[in-house]
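Colleague: Have a look at the structure that comes next, please.
Protein chains in written order, with this note's numbering: chain A, 1 to 165; chain B, 1 to 291; chain C, 1 to 798.
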């Protein structure tokens with residue numbers, strides 16, 4: 001079988017990239033290895049743990065379940081896009097104050113979910129928060145710190161409300 | 001866990017897609033939302049030589065009113081289905097079931113067509129479509145056919161689709177007035193595949209008697225099934241507690257469940273009775289019947 | 001004990017670790033990328049027990065992009081067996097040599113241009129196996145006639161012994177009743193979200209191997225790993241990484257390091273091997289105990305506990321890397337918080353054709369807590385005594401500390417009645433009972449659980465060997481370096497990795513406490529195994545105690561030198577120098593001061609301004625040894641103090657059980673912990689809620705399952721179920737502090753308590769819920785089908 005390569009272009013955290021990838025290359029590997037954005041993590045590669053969660057065209061997806069070629073022409077946001085110059089975004093600051101992290105491995109994925117939730121539901125109940133973050137696994141915190149962090153971020157309007165979808 | 005090598009094409013039109021399917025047939029698999037197929041690729045449990053990615057076939061993604069029902073393009077995302085007004089108002093059971101599919105990031109990519117074509121025995125949408133008498137359209141190079149949902153699911157992960165056919169549309173007829181539907185499932189954790197799920201759709205007359213009933217199960221057999229004996233118990237009678245109990249027994253009897261580490265066949269059968277009872281009762285209540 | 005007023009110890013200091021973790025700029029092992037680096041994939045045995053007849057790697061080698069392929073034959077040449085902490089000759093190589101002993105055991109490994117190609121190549125390796133009988137039942141495997149998992153061992157019953165403490169026979173003879181239970185604690189898996197991995201780079205000219213890995217014990221057993229890699233210990237640099245969780249599973253990652261290291265030598269390139277999730281679930285080092293308990297509690301009619309007998313069969317899987325260590329662990333607190341005058345512990349360790357056990361948070365004491373608390377609940381029920389009262393009656397009294405428990409271990413401090421009272425008050429015990437009565441009247445099965453149990457911390461290494469006759473290692477230190485640079489900046493250096501606990505923050509808080517500066521002014525760095533001081537690293541809830549001890553020691557040394565410099569500069573006596581936010585000053589004369597930057601500059605650049613005979617520089621290192629470790633007696637009747645920082649907790653979960661579906665809903669969860677002086681309350685709370693959540697997993701969701709052919713049935717996250725945010729409630733956490741008399745600041749460790757107590761508490765709650773049906777809970781996890789079956793059987797009996 002000949003080895004096929006596709007040329008793709010995608011915008012990640014506001015920066016346009018053009019690269020050549022095998023069709024089977026997963027989006028998470030493209031982000032981590034080809035673009036050096038190692039903030040997005042790999043936890044299971046079968047779509048359960050959510051540590052690979054990024055936003056593609058504004059919607060949360062598991063980047064281990066997307067092929068990089070499927071992101072051709074897309075706009076992708078990863079955790080590095082929240083704090084481009086290192087200063088913590090208010091959402092990240094809320095996570096810090098409420099101790100919504102311990103080892104940090106699930107944190108980028110959780111931040112993406114939190115961002116999307118608060119953008120679309122600026123005043124979520126605890127039940128709504130738990131439903132949203134139950135998409136991702138955390139093995140360290142028992143989730144309470146993460147719930148507290150998102151509640152704190154909501155109180156502070158850390159994430160600008162998005163247009164109704 | 002990385003996918004094996006495959007050739008790849010991303011057509012933009014249905015014609016292109018089915019042209020590729022007719023060319024590659026058994027060598028190829030259709031990639032829709034990828035939430036089921038990509039894990040299989042990552043595990044290397046699926047090793048297609050060719051992947052036909054239909055995510056760029058824009059003409060496959062739509063939700064339109066059709067008569068009193070709805071016509072849904074196969075590539076409609078599960079999240080879109082859940083949020084679209086015409087689905088919420090005309091087929092609330094579909095929106096209810098979608099909400100139980102995995103989690104939001106999965107529903108952002110997962111599609112109704114993909115779910116039906118993948119035919120996981122535990123998946124929600126196949127059972128819901130069974131309870132709604134849906135009609136499925138399959139297109140091949142040079143032809144199309146429509147088949148009722150009852151003929152679509154033939155076994156575990158197996159459908160009536162030929163290797164060169166693409167599922168393009170799902171048509172769901174409208175529901176008569178005084179119809180209530182409910183989908184309830186039991187899973188180990190929120191968002192997991194159902195151990196057992198039941199979709200119940202019941203229509204009542206002015207006297208509170210059921211004139212029509214559909215009860216479909218997922219996770220209870222190699223493919224989604226209708227519990228026709230249960231439906232027969234309900235129709236023509238006022239669905240009181242005794243009738244619902246008897247119908248629930250029929251649901252358990254109709255089940256031919258698989259066993260796995262999460263539940264044995266006997267336990268699934270028991271869960272089918274339990275969940276079926278709840279789903280039917282809720283459907284009746286929503287139809288305006290007394291509980 | 002009077003509470004010393006403290007500035008930073010006890011405060012919710014924001015973690016130093018967080019900024020890089022929050023912004024995705026941490027460096028986990030998979031983030032490491034070296035020039036020309038190759039990626040490894042491993043071929044694993046589909047057979048649970050078989051001889052390897054033939055391996056053909058020719059097609060794999062021929063695949064473009066493949067740099068090296070190795071098998072067990074190569075492992076025998078390129079490596080030595082993996083480090084093992086057992087006396088028995090249970091030999092394990094990183095790749096199976098001659099035979100495979102569990103499904104998933106590594107058989108070959110490939111280094112290629114990327115992981116995709118490496119997996120392609122692994123699929124091209126042909127292996128011929130000659131199957132052998134598979135042993136999955138430890139009761140069968142221990143029989144003399146069973147096929148041997150290791151041909152060089154006399155039997156699969158690799159270790160068996162009884163230790164007896166106090167007058168056990170007398171205690172049982174004097175009892176009015178003996179409570180008996182057979183209990184089953186199934187094997188779970190730590191499953192941190194980050195898998196184990198290593199990047200290895202070998203320089204043949206210098207003989208140096210550089211390793212980036214999420215392994216622990218870099219400066220404790222690094223030299224053992226060198227032995228496995230066949231490099232000199234003085235030429236092995238293991239660098240600590242940011243680690244995405246461990247919970248005991250990443251102590252000595254010999255396998256992944258050896259695989260990456262061997263491939264690095266063969267290929268001439270740096271090689272990265274990261275386990276994927278299937279690797280981790282089937283072939284990792286993070287499996288926990290797998291026990292069958294036969295336990296007896298001798299009681300008087302009035303509820304006094306008179307004796308305890310524990311018989312346990314533990315299914316270790318195919319290897320024995322940590323030996324019977326988790327049983328030594330259990331001995332530290334086998335009698336719990338109760339005055340039980342004597343106990344006997346019989347252990348049988350059995351090898352089977354499954355992946356071997358490692359260590360998972362709780363390390364054996366979690367299972368023992370479950371066994372003991374089941375007995376206590378059973379005693380209450382059989383004697384007709386209230387569950388709360390029977391515990392109160394038998395608690396070790398608050399004035400009895402330090403308390404020597406029958407095996408010889410010391411409980412340093414505690415106030416068990418106070419913890420219990422607080423838990424009952426927070427839970428609203430009486431209101432709960434009323435609510436339960438109302439619920440029961442409606443036919444709802446609501447249960448209130450209670451577990452009062454120990455959470456030991458700071459392990460002593462004697463627990464690895466005191467079951468044997470011969471002595472073993474007695475060091476388990478932790479070191480810290482501390483320097484004040486010429487710009488006045490404090491740099492603290494650690495020699496163990498960050499696991500998701502908060503070691504940098506603990507260190508910074510301690511330095512801040514000692515010097516009166518802000519914790520944010522402290523920079524924390526790490527050192528590798530070549531530059532490190534002895535440090536055993538995280539585990540056994542030891543880090544808070546050990547780091548504070550090491551930091552206080554280093555601060556003491558640094559202050560001593562700084563005092564002499566300041567005194568010299570300020571024309572005062574060194575003993576009159578005090579430290580604060582701005583620097584050093586003379587006590588009572590704040591104007592006579594010198595800032596940290598001035599002190600630093602002097603120390604490094606102005607030798608002639610220093611006291612005569614003083615070396616330049618301002619750096620101190622301190623190795624803090626276990627604060628209270630004593631040798632076991634030769635006859636092993638007294639094991640000495642080996643786990644004396646004894647925390648405690650009381651958990652009160654409230655559950656509702658659906659009798660048809662067997663599903664358990666947790667309505668409330670109250671937990672009160674006493675872990676001595678708390679350093680960082682928020683951080684501790686996170687450890688507790690995370691630990692309880694893992695305990696909920698153990699109690700309701702998690703089990704590693706194998707079929708009769710030894711095939712793993714839980715080889716993905718679809719089958720091995722970790723709790724999500726919707727499976728756990730909001731936790732109500734309370735604290736009591738009985739400071740330790742033996743540690744700096746009186747701290748104890750609190751990292752494991754949640755998981756050590758929650759399974760017992762939830763078993764109690766579910767049993768209480770099902771009490772109207774007469775169901776007893778003897779097995780974890782309590783899956784829906786298990787519970788529904790128990791309910792059905794109980795109803796049939798009526």
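Glycine included, every Cβ here is placed at the ideal spot set by N, Cα and C. Computed from a predicted structure; not experimentally measured.
1) With DSSP as the reference, label residue 216 of chain B as helix, strand or coil.
2) Could you round the C-beta distance between residue 95 of chain B and residue 199 of chain B to whole angstroms and report it? I think they count as a contact, below 8 Å.
3) At least one CB of chain A closer than 7 Å to the CB of residue 1 of chain B: is that the case?
4) Reducing DSSP to helix, strand and coil, say where residue 429 of chain C ends up.
5) Can you name, in chain order, every residue of its own chain whose Cβ lies under 8 Å from the Cβ of residue 107 of chain B, other than the five neighbours on each side?
6) On the criterion of 16 or more Cβ atoms from any shown chain inside 10 Å, does residue 685 of chain C qualify as buried, or is it exposed?
7) Taking the C-alpha atoms as reference points, what is the distance between residue 183 of chain B and residue 93 of chain B?
8) Going along chain B in order, which residues have a C-beta closer than 9 Å to the C-beta of residue 66 of chain A?
9) Let me know the secondary structure DSSP gives residue 64 of chain A once reduced to three states.
10) Applying a beta-carbon distance threshold of less than 9 Å, which residues of chain B neighbour residue 726 of chain C?
11) Cα separation between residue 28 of chain C and residue 497 of chain C?
12) Which whole runs of the beta strand (DSSP E) in the segment 316-357 of chain C are 3 residues long or more, in chain order?
13) Looking at the structure shown, is residue 434 of chain C part of a helix, part of a strand, or coil, going by DSSP?
14) Since residue 243 of chain C meets chain A, which of its residues come closer than 9 Å, beta carbon to beta carbon?
15) Quick one: residues in its chain with C-beta nearer than 8 Å to the C-beta of residue 509 of chain C, no 5 flanking neighbours on either side, listed in chain order?
16) Could you tell me the alpha carbon to alpha carbon distance between residue 8 of chain B and residue 23 of chain A, rounded to whole angstroms?
17) Determine whether the Cβ of residue 140 of chain C lies closer than 7 Å to any Cβ atom of chain B.
18) Where do the ends of the beta strand (DSSP E) carrying residue 578 of chain C lie?
19) Quick check on residue 81 of chain A: does DSSP put it in helix, strand or coil?
20) Report the three-state DSSP secondary structure of residue 223 of chain C (helix, strand or coil).
21) Within the 7 Å Cβ cut-off, does residue 103 of chain B reach chain A?
22) Using the beta-carbon count (16 or more within 10 Å), is residue 694 of chain C buried or exposed?
23) Quick one: is the Cβ of residue 68 of chain C within less than 6 Å of any heavy atom of the ligand ZN?
24) Our contact map puts residue 651 of chain C next to residue 351 of chain C with C-beta atoms below 8 Å; I'd like the distance itself, whole angstroms only.
25) How would you label residue 164 of chain A, buried or exposed, when you count the other beta carbons within 10 angstroms and need 16 or more for buried?
26) Alpha carbons only, please: which of B:39, B:167, B:54, B:175 is nearest the one belonging to residue 88 of chain B?
27) For residue 596 of chain C, which of helix, strand or coil comes out of DSSP?
28) When we look at the beta-carbon of residue 5 of chain A and count the other beta-carbons within 10 Å, is it buried (16 or more) or exposed?
29) Mind checking which residues open and close the alpha helix (DSSP H) that includes residue 686 of chain C?
30) Answer yes or no: does any C-beta atom of chain C fall closer than 7 Å to that of residue 96 of chain B?
31) What do you get for residue 595 of chain C, buried or exposed, if any count of 16 or more other CB atoms within 10 angstroms of its CB means buried?
32) Going by the DSSP bridge assignment, what does residue 648 of chain C pair with across the sheet?
33) Can you find the residues in the same chain that come closer than 8 Å, C-beta to C-beta, to residue 549 of chain C, ignoring five residues on each side of it along the sequence?
34) Using the Cα positions of residue 147 of chain B and residue 117 of chain B, report the straight-line distance between them to the nearest angstrom.
35) Quick check: the segment 40-60 of chain C against the segment 84-100 of chain C, are there 3 or more CB pairs under 8 Å?
36) For the segment 432-446 of chain C against the segment 776-788 of chain C, are there 3 or more C-beta pairs whose distance is under 8 Å?
Modeller: Taking the coordinates as given:
1) Residue state for residue 216 of chain B is assigned as strand, using DSSP reduced to three classes.
2) Rounded, the Cβ-Cβ distance is 13 Å, inconsistent with contact.
3) Residue 1 of chain B counts as touching chain A.
4) Of the three classes helix, strand and coil, the one that applies to residue 429 of chain C here is helix, per DSSP.
5) So the list reads 77, 78, 79, 82, 98, 101, once near-sequence residues are dropped.
6) Under this definition residue 685 of chain C is a buried residue.
7) Rounded to whole angstroms, residue 183 of chain B to residue 93 of chain B spans 6 Å at the Cα level.
8) Going along chain B in sequence order, the residues near residue 66 of chain A (Cβ under 9 Å) are 34, 38, 109.
9) In the three-state reduction of the DSSP assignment, residue 64 of chain A falls in the helix class, which pools H, G and I.
10) Under the 9 Å cutoff, chain B gives 189, 190, 191.
11) Their Cα atoms are separated by approximately 11 Å.
12) 343-351, all fully within the segment 316-357 of chain C.
13) Residue 434 of chain C: helix per DSSP, three-state reduction.
14) For residue 243 of chain C, the residues of chain A that pass the 9 Å Cβ criterion are 103, 105, in the order they occur in the chain.
15) Contacts found: 8, 9, 11, 13, 519, 679, 680.
16) Rounded to the nearest angstrom, the two C-alpha atoms are 6 Å apart.
17) Residue 140 of chain C does not count as touching chain B.
18) According to the DSSP assignment, residue 578 of chain C belongs to the beta strand (DSSP E) that extends over 577-579.
19) Residue 81 of chain A falls in the helix class under three-state DSSP.
20) The three-state reading of DSSP puts residue 223 of chain C in helix, counting H, G and I together.
21) Chain A, which has a Cβ nearer than 7 Å to the Cβ of residue 103 of chain B, makes this yes.
22) Flag for residue 694 of chain C reads buried.
23) Of the ligands one can find in the structure shown there are none, so the ligand ZN has no counterpart to examine.
24) So it is not a contact: roughly 34 Å between Cβ atoms.
25) With a pLDDT of only 42 at residue 164 of chain A, under 50, the local geometry of the prediction cannot be trusted, and no value is derived from it.
26) Taking only the C-alpha atoms, the option nearest residue 88 of chain B is B:175.
27) DSSP places residue 596 of chain C in the helix class (H, G or I) of the three-state scheme.
28) The residue is exposed, with fewer than 16 neighbouring Cβ atoms inside 10 Å.
29) Run containing residue 686 of chain C: 681-696, per the alpha helix (DSSP H) assignment.
30) No, its Cβ sits nowhere closer than 7 Å to a Cβ of chain C.
31) Counting other Cβ atoms within 10 Å of its Cβ, residue 595 of chain C stays below 16 and is therefore classed as exposed.
32) Its beta-bridge partners are C:454, C:674.
33) The answer, listed in chain order, is 478, 624, 627, 743, 744.
34) So the alpha carbons of these two residues sit roughly 13 Å apart.
35) Contact annotation: the segment 40-60 of chain C touches the segment 84-100 of chain C, with at least three C-beta pairs closer than 8 Å.
36) Touching, no, given that fewer than three Cβ pairs across the two stretches are closer than 8 Å.
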